[in-house]
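Right, one structure below, let's go through it.
Numbering (full-length UniProt numbering), first residue to last: 1 to 91.
In structure tokens, the structure reads:
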């Protein structure tokens, strides 16, 4: 549970990520401009939207997915699909 606002998190990682809201920390820096973000997904969105070529370059350094999703057939980093993903695919 967050000691500042009382929000309950499922795990320690979520609590750590949430704490950046209160501390003002922005540990995720864009390598192409001076902007910083408090969450990795916000940085990824920024890269995709404002620096599409830079985002593509970073993808070259990530390992290629080795599995195909059992729910939709798309490449995935894991051999399973989450319940949320499966339910959104099935509608």
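Every residue gets a Cβ at the ideal spot worked out from N, C-alpha and C, and that includes glycine.
Kindly list the residues whose CB is nearer than 8 angstroms to the CB of residue i, restricted to its own chain and excluding five residues on each side of it in sequence; keep chain order.
i, result
"residue 5", "22"
"residue 20", "26, 27, 38, 39"
Apart from the five residues on each side of it in sequence, which residues of its chain come closer than 6 angstroms, Cβ to Cβ, to residue i?
i, result
"residue 15", "9"
"residue 43", "28, 37"
"residue 35", "none"
What did DSSP end up calling residue i once you bin it into helix, strand or coil?
i, result
"residue 71", "coil"
"residue 53", "helix"
"residue 12", "helix"
Taking the alpha-carbon of residue i as reference, which of the options has the nearest alpha-carbon?
i, options, result
"residue 30", "50, 18, 13", "50"
Exercise for review: Would you list, in sequence order, the uninterrupted alpha helix (DSSP H) runs of no fewer than 4 residues that lie entirely inside the UniProt domain "C2H2-type" (28 to 51)?
Suggested key: Segments of the alpha helix (DSSP H) lying fully in the UniProt domain "C2H2-type" (28 to 51): 40 to 50.
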